[in-house]
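Counting from 21, one number per residue, gives the positions in the sequence shown under our numbering.
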Amino acid sequence: KEAKRELSAEAQTDETFNGHTDHQRYGPSAVAVDIAFPRASHVYGIPEHASTLALKNTRGPNAAYDDPYRLYTLDVFEYELDNPMALYGTIPVMMGLSQGTGETVGMFWHNPTETFVDIEDGAEGKQTHWMSETGNFDLFVMSGPDVKSVMMQYAAITGPTYLPPMFSLGYHQCRWNYKDEKDVAQVHQGFEDNDFPMDVIWLDIEHTDEKRYFTWDDSLFPTPLKMQAKVSAKGRKMVTIVDPHIKRDDKFHIHKEATEKGYYIKESNGEKDYDGWCWSGSSSYLDFTSPQVRQWWAEQFALDKYVGSSLDLFTWNDMNE
């Protein structure tokens, strides 16, 4: 009977979706908080959602949505517009703005787990409700009194944005995917022929050798340095993609070295390297919480490591790692 009760409790804590089971090791849990923005006529933040800049209500008579805003990083193909569904980015920060005075306050909910946020009109401003899957109660309040002050206070917590290189502020041409070097040359020449300003051309995953990052498909991109030189001759740059998942292939030098050095995230028992699934198929994920792993990863971008790269080639850090 005791064994049956344990199985029943375990079954209640596990969640299954499309054949994948999420084992909740410590059982069902949640942490939630209600946060009021007195005198605020509008609230902004919690990117990324395909909604308006001033966030719409999800509760009350003026609710625009039936569901709360979801914070959960996803790569959503053909996502819906005007919808609180989760998208690529998750930043649990919100500001409340008084329309009459411009007075602004902000808050940062320091929680990386899946979170749902409801918004409604209160008696004296906006009311919000935050509920996260797990974690500690860790809330920062930015007192303002204006938008600039709130953003400076937020940057003091998380760190400021790096100053971007000048060329990155221009127009970037990117799609999935350019077929080969000839395709890149034709697109590049098209901008020249039409006198259309463009500063950067991006290459998605198909430029690699069987989806191994830091490599080139020799049949489609046999001369990457010459290709980059032709683009940079017009004052432009190129960008190639990398992702946090590494193809599990013993012929792939990045995977082989990461495995030998023990740099991958482990399964919950702490023994085997986690084996997941992404664009490259069977994949493992580097433990970027380790300073040693971060340093090793940075070294892979050196010109003598990333064969076929140049100083005019930059990196697309995909999937928000």
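In this text, a Cβ means the ideal position worked out from N, Cα and C, and glycines have one as well.
Ranked by how close their Cα comes to the Cα of SER304, the residues HIS275, PRO88, ASP166 have HIS275 in first place.
Per DSSP, ARG79 is not a residue of any alpha helix (DSSP H), being assigned neither H nor E. The way I'd put it, the region 290 to 309 doesn't touch the region 322 to 336; fewer than three beta-carbon pairs between them come closer than 8 Å.
8 Å or more divides the Cβ of ASP224 from the Cβ of GLY190.
A residue is called buried once 16 or more other Cβ atoms fall within 10 Å of its Cβ, and GLU201 is buried on that count.
Within the region 221 to 255, the complete alpha helix (DSSP H) segments at least 4 residues long are 244 to 252, listed from N- to C-terminus. Spatial neighbours of ASP54 in its own chain (CB-CB distance under 6 Å, excluding positions within 5 residues in sequence) are listed in chain order as HIS149. Sequence-distant partners of LYS250 (beyond 5 residues in either direction) whose C-beta falls short of 8 Å from its own C-beta, in its chain, are ALA205, HIS208. In this structure, DSSP gives VAL207 a helical state, which the three-state scheme calls helix. Nearest in C-alpha terms to TRP222, of all of PRO311, LYS199, GLU140, ARG195, is ARG195. A Cβ-Cβ separation of about 5 Å places THR93 in contact with THR110 under the 8 Å criterion.
Look at the beta carbons and you see the region 79 to 96 touching the region 138 to 147: at least three pairs across the two are nearer than 8 Å.
Just so you know, the alpha carbons of MET105 and TYR85 end up roughly 10 Å apart. The beta carbons of GLN320 and PHE241 sit no closer together than 8 Å. The residue from ALA50, ALA318, SER329, GLN312 with its alpha-carbon nearest to that of LYS246 is SER329. DSSP places ALA56 inside the beta strand (DSSP E), whose first and last residues are 51 to 58. Of the candidates PHE97, THR178, PRO217, PRO217 places its Cα closest to the Cα of HIS192. Take the alpha-carbon of TYR46 and the one of ASN82: they are about 38 Å apart. Judged by DSSP in its simplified three-state form, THR124 adopts strand. Setting aside the 5 residues that flank it on each side, ASN197 is surrounded in the same chain by LEU223, ASP224, ILE225, GLU226, HIS227, each with a C-beta closer than 8 Å to its C-beta; the list follows chain order. Per DSSP, reduced to three states, the secondary structure at ASP138 is strand. Shown here, LEU189 sits in a helix according to DSSP, grouped into three states. About 7 Å separates the beta carbon of ILE266 from that of LEU306, a gap short enough to meet the 8 Å contact definition. For HIS149, the enclosing beta strand (DSSP E) begins and ends at 145 to 152. Within the model, the alpha-carbon separation for GLN44 versus GLU287 is close to 13 Å.
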